[in-house]
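Heads up: the structure comes next, in structure tokens.
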Amino acid sequence: RIIKNKDERPENEGFQSVVDSVMAVSTGVFVPEQIRWDGLLDSGTLAADGEYLFQVRASDDNGNISVSSAYQVVIDTAPPAVELAFPSAIDRVFSPNGDGNKDSLVLQQSGSDEDLWTAELVNASGRVMRAARWADGSPKPFTWDGRDDSGAMVNDGVFRYRIASTDRAGNSARVELSNIIVNTESTPVALTISVGDFSPNGDGVLDTVTLKPDVPSTTGIEAWSITIRTERGDVVRLYEGDDVPPSEIVFDGRSSSKAVIGEGLYFGELEVVYRNGNRPSAQSALFVVDVTPPLADARLDKDLFSPNNDGKLETVTIFNEASREELWSGKITNSRGVVVRAFTWTGVPEQRLVWNGRRDDGRHAPDGQYFYSLESTDKAGNTGKTGNLPVTIDTSDAEVAIRAEFEAFSPNADNVRDLQRFFPRVDRQGDVAEYRIDIMTESGSVVRSFEGRSAVAGAIEWNGNTSNGRRVGDGIYKAVFAISFTNGVALTAQTAGFSVDTIPPTATLNAPYLLFSPDGDGNRDILRIQQTTSLEERWQATMRNSLGQVVRQFIWTGMATGIEWDGTDTAGNALPDGRFQYEITATDRAGNTTVRGLTDITTDTRTPRLFVTANTDAFSPNGAGVRDAVTFDLYANLLDCASGWTLTVRSADGVVVREFSGTTVEAQRTIVWDGRDGRGAVREGSFTAELAINYTKGNRPRAVSSAITVDITPPVA
36 RIIKNKDERP ENEGFQSVVD SVMAVSTGVF VPEQIRWDGL LDSGTLAADG EYLFQVRASD
96 DNGNISVSSA YQVVIDTAPP AVELAFPSAI DRVFSPNGDG NKDSLVLQQS GSDEDLWTAE
156 LVNASGRVMR AARWADGSPK PFTWDGRDDS GAMVNDGVFR YRIASTDRAG NSARVELSNI
216 IVNTESTPVA LTISVGDFSP NGDGVLDTVT LKPDVPSTTG IEAWSITIRT ERGDVVRLYE
276 GDDVPPSEIV FDGRSSSKAV IGEGLYFGEL EVVYRNGNRP SAQSALFVVD VTPPLADARL
336 DKDLFSPNND GKLETVTIFN EASREELWSG KITNSRGVVV RAFTWTGVPE QRLVWNGRRD
396 DGRHAPDGQY FYSLESTDKA GNTGKTGNLP VTIDTSDAEV AIRAEFEAFS PNADNVRDLQ
456 RFFPRVDRQG DVAEYRIDIM TESGSVVRSF EGRSAVAGAI EWNGNTSNGR RVGDGIYKAV
516 FAISFTNGVA LTAQTAGFSV DTIPPTATLN APYLLFSPDG DGNRDILRIQ QTTSLEERWQ
576 ATMRNSLGQV VRQFIWTGMA TGIEWDGTDT AGNALPDGRF QYEITATDRA GNTTVRGLTD
636 ITTDTRTPRL FVTANTDAFS PNGAGVRDAV TFDLYANLLD CASGWTLTVR SADGVVVREF
696 SGTTVEAQRT IVWDGRDGRG AVREGSFTAE LAINYTKGNR PRAVSSAITV DITPPVA
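Per our numbering: the sequence shown = residues 36 to 752.
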């Protein structure tokens with residue numbers, strides 16, 4: 036390319052010009068202060084990228100020529116090149132808390148060689164928190180440890196990373212990575228206990244409680260401590276160390292001075308100190324120190340009875356007196372120590388208990404000596420017990436007798452106690468002329484008869500049908516045994532009343548929800564199961580985890596009441612999140628069994644984290660096409676179990692001016708607000724945006740943006 040300037044020559048001019056030239060004073064050509072080259076060649080095409088040389092040449096009328104030195108010019112139309120690897124949404128979340136897990140964010144990048152590359156990490160309000168430079172070369176991979184340029188740890192939030200360069204030719208390149216989230220919520224530690232009650236009395240039963248620390252990150256631990264405190268917080272015992280905590284601490288109920296601590300409520304507190312300054316802590320569930328045994332006393336109203344339904348000494352009455360405990364057990368054993376009848380009560384035992392001589396299976400206990408005892412072992416392992424109180428069953432004086440095998444039976448073809456057997460007894464079998472056994476209703480109507488002559492059968496079975504083969508109705512029945520002897524003497528005997536019961540125990544369960552979050556935030560911390568049941572001797576319920584292991588048990592006598600479960604085991608430890616199954620069951624005296632349950636009970640204590648960012652702190656929705664709207668970026672870490680989300684724009688005085696909502700929660704969502712309220716009018720002033728997500732498990736997290744100014748009023752001169 037040639038760029039030049041020259042004087043106008045006479046041969047190029049008219050006559051007048053020649054005259055003017057002769058008369059004019061001699062001058063040189065105009066030399067510009069600078070010469071501009073637009074990169075075009077003389078041909079009009081654009082010069083290719085590369086190095087070029089330029090010179091300035093001047094000549095006068097006498098033919099003198101002067102040439103400058105050659106100078107280099109570089110044409111460069113290619114912008115700087117940069118490649119930045121974009122991590123996944125999950126990998127953009129890191130927790131620089133020194134726990135050894137995702138403590139830094141590594142950004143892989145490369146680019147062309149330039150004079151200078153500049154990188155910045157910017158927070159949600161646009162402030163540069165960390166900067167990096169690479170001079171005379173290409174950008175290198177960058178590792179961010181969550182600290183700003185002063186070395187201080189940044190606050191949790193959402194950040195953007197941008198890298199840019201402008202070369203000498205003015206070409207620029209810039210790449211930005213958004214949605215980098217710093218979440219330094221430390222991995223929680225936990226402290227569990229083996230039992231909720233113990234009795235440090237040296238009897239070898241629950242004399243200690245074991246505390247088990249759970250410390251997921253053991254890297255960088257500087258010190259640890261487990262402190263035993265009273266319910267009020269007073270220290271009674273301290274365990275500590277400067278290494279990884281032990282897997283368990285066995286607390287023997289003694290203070291630091293080796294004295295046995297008093298009865299009451301206590302808890303353990305775990306604290307772990309890391310070299311990076313983190314000090315996570317956790318408290319165990321409350322546990323009880325209890326060395327007082329249950330109080331028990333009992334007496335019998337007689338020491339011999341004969342349950343043969345002759346109207347004399349048919350039962351023995353047992354009088355119980357005891358303290359209130361979780362569970363009491365009354366047992367009747369035979370002379371060999373075998374339990375023939377057992378009773379259980381919650382709270383206090385039945386004060387007046389009548390035994391009719393029947394065993395647990397409903398059959399009559401044979402004649403002999405038996406012993407009654409009342410006993411309870413509380414949750415701390417203390418046992419209160421009465422002595423063995425003797426009582427004798429003797430029915431040998433009856434010449435004629437009959438007894439039913441069961442107190443109740445259920446002829447419903449379920450193979451469980453479908454038959455009732457009767458056992459008539461006659462002292463003079465050889466003198467029997469004839470006999471008859473009538474099965475009657477409570478009002479005396481005969482429903483079935485059995486007859487015979489001479490010797491009486493040892494056992495007679497009844498399947499619950501009438502004489503014409505129909506099933507009798509549920510109710511109370513009795514068997515009347517009439518016998519005639521060859522000498523003309525006639526005797527009768529009858530059984531005690533027994534039940535035909537084909538109706539199983541009834542139970543209905545209801546829970547308003549099955550998914551809950553026992554995290555102490557006041558929302559769905561407890562699962563409430565409402566129960567309506569029939570009156571039975573014993574109801575028993577279990578809560579099982581997904582492995583089928585029993586984690587809680589419940590017992591009722593009479594009718595089962597509703598329960599409230601806070602997601603803990605028997606000792607009061609918080610159970611890991613998961614699925615559980617609740618089951619309640621009862622078997623009545625006739626052998627009918629009912630099982631009811633609830634499945635898919637789920638605990639979820641994950642902590643939702645929300646963030647709201649705005650791309651500007653001020654905008655002017657005036658239709659000029661410049662900063663007419665604000666963009667909100669919404670972030671959430673839990674995407675399931677949500678019933679919906681709402682973004683509410685409020686004025687500085689709390690008035691709602693606009694709402695956006697949806698049913699699906701996403702990890703990142705963008706909402707654009709044009710500064711208008713629900714009626715379409717622009718609202719000037721200062722505003723904030725609040726993101727709210729309601730989770731079905733009970734959590735109600737909220738996040739609020741920084742203030743944004745809406746201003747459409749121009750300056751006034």
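By construction, the Cβ of each residue, glycine as well, lies at the ideal position given by its N, Cα and C atoms.
Should residue i and residue j be called a contact, given that it needs their Cβ atoms to be closer than 8 Å?
{"i": "A664", "j": "W708", "result": "yes"}
{"i": "L300", "j": "V323", "result": "yes"}
{"i": "F667", "j": "L682", "result": "yes"}
{"i": "W179", "j": "W152", "result": "no"}
{"i": "F65", "j": "N40", "result": "yes"}
{"i": "S252", "j": "R272", "result": "no"}
{"i": "R563", "j": "G597", "result": "yes"}
{"i": "E711", "j": "P656", "result": "According to the sequence provided, residue 711 is Arg. The question's Glu does not apply to it. Yes; because the gap between Cβ atoms is below 8 Å, this pair is in contact."}
{"i": "G146", "j": "V117", "result": "yes"}
{"i": "I561", "j": "A514", "result": "no"}
{"i": "S234", "j": "L241", "result": "yes"}
{"i": "W72", "j": "R127", "result": "no"}
{"i": "S319", "j": "G303", "result": "yes"}
{"i": "G11", "j": "K414", "result": "Any question about residue 11 goes unanswered here, given that the chain covers just 36 to 752."}
Given this structure, state the Cα-to-Cα distance separating residue i from residue j, to the nearest angstrom.
{"i": "A82", "j": "R209", "result": "26 Å"}
{"i": "A120", "j": "G555", "result": "41 Å"}
{"i": "D184", "j": "M164", "result": "6 Å"}
{"i": "S160", "j": "G613", "result": "39 Å"}
{"i": "L26", "j": "N136", "result": "What is shown of the chain runs 36 to 752, which leaves residue 26 out entirely."}
{"i": "I743", "j": "A653", "result": "5 Å"}
{"i": "D138", "j": "D688", "result": "40 Å"}
{"i": "F194", "j": "V217", "result": "8 Å"}
{"i": "S229", "j": "T245", "result": "5 Å"}
{"i": "T705", "j": "Y670", "result": "9 Å"}
{"i": "V279", "j": "Y548", "result": "41 Å"}
{"i": "T412", "j": "N311", "result": "48 Å"}
{"i": "I198", "j": "S213", "result": "12 Å"}
{"i": "Q584", "j": "D604", "result": "11 Å"}
{"i": "T219", "j": "R718", "result": "37 Å"}
{"i": "E275", "j": "K247", "result": "14 Å"}
{"i": "Q455", "j": "W390", "result": "21 Å"}
{"i": "A443", "j": "F533", "result": "5 Å"}
{"i": "T368", "j": "E410", "result": "13 Å"}
{"i": "E211", "j": "S123", "result": "14 Å"}
{"i": "Q107", "j": "S200", "result": "23 Å"}
{"i": "L76", "j": "A659", "result": "41 Å"}
{"i": "N450", "j": "D635", "result": "32 Å"}
{"i": "E266", "j": "G297", "result": "12 Å"}
To which residues of the same chain is residue i closer than 6 Å at the C-beta, ignoring the five residues directly before and after it?
{"i": "V426", "result": "L335, D338, V351, Y405"}
{"i": "S740", "result": "V647, A649, T723, A724"}
{"i": "E349", "result": "P342"}
{"i": "E155", "result": "V163, A166, R197"}
{"i": "T254", "result": "G135"}
So residue i packs on residue j, CB below 8 Å; how close in whole Å?
{"i": "L772", "j": "P176", "result": "One cannot answer for residue 772 here, as it falls past the ends of the chain, which runs 36 to 752."}
{"i": "V374", "j": "K366", "result": "5 Å"}
{"i": "L330", "j": "A357", "result": "6 Å"}
{"i": "R398", "j": "F457", "result": "That belief does not hold up - the Cβ atoms of R398 and F457 are roughly 12 Å apart, past 8 Å."}
{"i": "G602", "j": "T638", "result": "5 Å"}
{"i": "A542", "j": "T527", "result": "42 Å between Cβ atoms; not a contact."}
How about residue i: is its C-beta nearer than 8 Å to some C-beta of chain B?
{"i": "F89", "result": "You won't find chain B in this structure, because it holds only one protein chain."}
Under 8 Å Cβ to Cβ from residue i, same chain only, skipping five residues before and after it: list those, please.
{"i": "D111", "result": "D84, D202, R203, A204, N206"}
Excluding the 5 residues flanking residue i on each side, which residues of the same chain have their C-beta closer than 7 Å to its C-beta?
{"i": "R559", "result": "Y548, F551, S552, K732, G733"}
{"i": "V102", "result": "Q90, R92"}
{"i": "I353", "result": "A333, L335, L388, W390, Y407"}
{"i": "L362", "result": "T379, T381, S411, I590"}
Nearer than 7 Å: is that true of the beta carbon of residue i relative to any heavy atom of the ligand FAD?
{"i": "I256", "result": "This structure lacks the ligand FAD; in fact it carries no ligand of any kind."}
* Asked: Three or more C-beta pairs closer than 8 Å, one from the segment 724-742 and one from the segment 667-679: is that the case here?
  -> yes
* Would you call the segment 429-444 and the segment 474-490 touching, i.e. three or more CB-CB distances under 8 Å? -> no
* Asked: For the segment 484-493 against the segment 461-469, are there 3 or more C-beta pairs whose distance is under 8 Å?
  -> yes
* Asked: Would you call the segment 530-543 and the segment 500-509 touching, i.e. three or more CB-CB distances under 8 Å?
  -> yes
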